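Undergrad: If you read the sequence shown in full-length UniProt numbering, its first letter stands for residue 1, the second for the next number, and so on. Glycine included, each C-beta is placed from N, C-alpha and C at the ideal position. Remember, it's a predicted structure, so these values are computed and weren't measured experimentally.
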Amino acid sequence: MVLISDLGHSMSDMRVKLIMIFAALCLLITPLSQAEPARLTIACAANFSATMNKLVELYVTQSQQKLDIRVSVGSSGALASQIHHGAPYDLFFSADRDFIDQLLKAGKGRERHTYAVGDVVLYSRQQPDGVLSDWLIKIPAATVAIANPQLAPYGRAAQSILEHQGLTPRKQVQGTSVLHAFQFVETGHAEYGFIARSLLQREVKGSWHAIPPDWYEPISQDAMLITNSSHARAFFDFIKSEQAQLLIRASGYR
Numbered sequence: 001m002v003l004i005s006d007l008g009h010s011m012s013d014m015r016v017k018l019i020m021i022f023a024a025l026c027l028l029i030t031p032l033s034q035a036e037p038a039r040l041t042i043a044c045a046a047n048f049s050a051t052m053n054k055l056v057e058l059y060v061t062q063s064q065q066k067l068d069i070r071v072s073v074g075s076s077g078a079l080a081s082q083i084h085h086g087a088p089y090d091l092f093f094s095a096d097r098d099f100i101d102q103l104l105k106a107g108k109g110r111e112r113h114t115y116a117v118g119d120v121v122l123y124s125r126q127q128p129d130g131v132l133s134d135w136l137i138k139i140p141a142a143t144v145a146i147a148n149p150q151l152a153p154y155g156r157a158a159q160s161i162l163e164h165q166g167l168t169p170r171k172q173v174q175g176t177s178v179l180h181a182f183q184f185v186e187t188g189h190a191e192y193g194f195i196a197r198s199l200l201q202r203e204v205k206g207s208w209h210a211i212p213p214d215w216y217e218p219i220s221q222d223a224m225l226i227t228n229s230s231h232a233r234a235f236f237d238f239i240k241s242e243q244a245q246l247l248i249r250a251s252g253y254r
């Protein structure tokens, strides 16, 4: 009886030990198999949003890590204001060098890189005939959409173009970003719009004419590294790569 009792206790103790060992192994294995994906938050100017989506997709397919990349899109001015007030972004892709200058001077960023140069086009859904000069003649009798010059460099460029040509539209509507200005034309709220050429990479039903670059200040678009995380640095360096630059140029930038 004593021997049987001892054997039962021994087997019970062994079961307890095996369960404890198994539980310990589960604790070791679980963090590896269910590791949280690395979070990366990007503030992106509206004109670059479609291209950014392509870049993120390319980057994720090449990465050896699980990534959770979140992109917030808006005008450069609005995004810069958010960053200035502490918004938790890792990277800022601005369409305006001036906002990067201001943020760096305020100690809100670490370094910068010019990732693209943008071009302005005059876009219309009405598909009017003729060359650029024929379109410009019609602007005084038309509703024209531009981005807000206070928030977006494409808006300032549009303003410069109108002043350069001595043109005053019958009505001018302003979007908070160049993408918003594009949508005014797409929805019929404006007959013409001064927009970024990069926005024409998506399916559009209208026509457009390129604006001579000497009619407005060059739109050099800079990226800024905000945090010191390894994931932010890796993506910042990726943008400089030949593969990323080829994709950017294929998306309507110089």
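Using a 10 Å radius around the Cβ and a threshold of 16 neighbouring Cβ atoms, would you call residue 177 buried or exposed?
TA: For this step, residue 177 is matched to residue 177 along the sequence shown. Buried: at least 16 other Cβ atoms inside 10 Å.
Undergrad: Excluding sequence positions up to five away, which residues of its chain have a Cβ less than 6 Å from the Cβ of residue 153?
TA: Translated into positions along the sequence shown, residue 153 becomes position 153. Answer for residue 153: 95, 96, 219, listed in chain order.
Undergrad: Kindly provide the ranges of any beta strand (DSSP E) runs that are 3 or more residues long and lie completely inside the region 70 to 150, ordered along the chain.
TA: Complete beta strand (DSSP E) runs here, min 3: 91 to 93, 111 to 118, 120 to 124, 143 to 147.
Undergrad: Are the CB atoms of residue 167 and residue 255 within a distance shorter than 8 Å?
TA: Because the chain is modelled from 1 through 254, residue 255 falls outside the range shown and cannot be assessed.
Undergrad: Given a cut-off of 8 Å on the beta-carbon distance, is the pair residue 59 and residue 238 in contact?
TA: Translated into the one-based positions of the sequence shown, residue 59 becomes position 59. Translated into the one-based positions of the sequence shown, residue 238 becomes position 238. Yes; because the gap between Cβ atoms is below 8 Å, this pair is in contact.
Undergrad: Would you report the Cα separation of residue 111 and residue 226, rounded to the nearest angstrom?
TA: Position 111 of the sequence shown, counted from the first residue, corresponds to residue 111. Position 226 of the sequence shown, counted from the first residue, corresponds to residue 226. C-alpha separation (whole angstroms): 8 Å.
Undergrad: Quick check: what's the CA-CA separation for residue 43 versus residue 91?
TA: Counting from 1 along the sequence shown, the entry for residue 43 is found at position 43. Counting from 1 along the sequence shown, the entry for residue 91 is found at position 91. Each residue's alpha carbon lies about 6 Å from the other.
Undergrad: How long is the line joining the alpha carbons of residue 84 and residue 165, rounded to whole angstroms?
TA: Stepping through the sequence shown from its first residue, residue 84 is reached at position 84. Stepping through the sequence shown from its first residue, residue 165 is reached at position 165. Computed Cα separation, rounded: 36 Å.
Undergrad: Taking only the alpha-carbon atoms, compute the straight-line gap between residue 181 and residue 41 and give it to the nearest angstrom.
TA: Reading the sequence shown from its first residue, position 181 is the one you call residue 181. Reading the sequence shown from its first residue, position 41 is the one you call residue 41. Using only the alpha carbons, I get a separation of about 25 Å.
Undergrad: If you reduce the DSSP assignment to three classes, tell me which class residue 192 lands in.
TA: Your numbering for residue 192 matches position 192 in the sequence shown. Three-state result, residue 192: strand.
Undergrad: What first and last residue would you give for the beta strand (DSSP E) that runs through residue 207?
TA: On the sequence shown, position 207 is the one that residue 207 refers to. Residue 207 -> beta strand (DSSP E) spans 207 to 210.
Undergrad: Helix, strand or coil for residue 167 per DSSP?
TA: Taking the first residue of the sequence shown as 1, we reach residue 167 at position 167. Three-state result, residue 167: coil.
Undergrad: Can you list, in chain order, the residues of its chain with a C-beta nearer than 7 Å to that of residue 5? Leave out the 5 residues immediately preceding and following it.
TA: In the sequence shown, residue 5 corresponds to position 5, counting from 1. Only weak support is given to the placement of residue 5: the predicted model assigns it a pLDDT of 40, under 50, and the value that follows is read from those uncertain coordinates. Same-chain partners within the cutoff: there are none.
Undergrad: Let's see if you can read the secondary structure: which residues bound the beta strand (DSSP E) around residue 220?
TA: Here residue 220 corresponds to residue number 220 of the sequence shown, with the count starting at 1. Here the beta strand (DSSP E) through residue 220 covers 219 to 225.
Undergrad: Assuming residue 124 and residue 191 make a contact with CB atoms under 8 Å, what is their CB distance in whole Å?
TA: As a position in the sequence shown, residue 124 is number 124, starting the count at 1. As a position in the sequence shown, residue 191 is number 191, starting the count at 1. Sure, about 6 Å apart at Cβ, within 8 Å.
Undergrad: Using CA coordinates, which residue listed in 80, 136, 235 is at the minimum distance from residue 211?
TA: For the purposes of this step, residue 211 is taken as the residue at position 211 of the sequence shown. With distances taken between Cα atoms, residue 211 lies closest to 136.
Undergrad: Can you tell me where the beta strand (DSSP E) with residue 247 in it begins and where it stops?
TA: In the sequence shown, the residue the question calls residue 247 occupies position 247. Unbroken run through residue 247 is the alpha helix (DSSP H), 242 to 250; no beta strand (DSSP E).
Undergrad: Do you know whose CA, among 140, 248, 232, lies nearest residue 67's CA?
TA: Numbered from its first residue, the sequence shown carries residue 67 at position 67. Nearest option by C-alpha distance: 232.
Undergrad: Are the Cβ atoms of residue 183 and residue 77 separated by less than 8 Å?
TA: As a first step, residue 183 is located in the sequence shown; it is residue number 183 there, counting from the start. As a first step, residue 77 is located in the sequence shown; it is residue number 77 there, counting from the start. No; because the gap between Cβ atoms is not below 8 Å, this pair is not in contact.
Undergrad: Report the three-state DSSP secondary structure of residue 152 (helix, strand or coil).
TA: Taking the first residue of the sequence shown as 1, we reach residue 152 at position 152. Residue state, collapsed to three classes: coil.
Undergrad: If you follow the beta strand (DSSP E) that residue 51 is part of, which residue opens it and which one closes it?
TA: In the sequence shown, residue 51 corresponds to position 51, counting from 1. Run containing residue 51: none in the beta strand (DSSP E); it sits in the alpha helix (DSSP H), 49 to 62.
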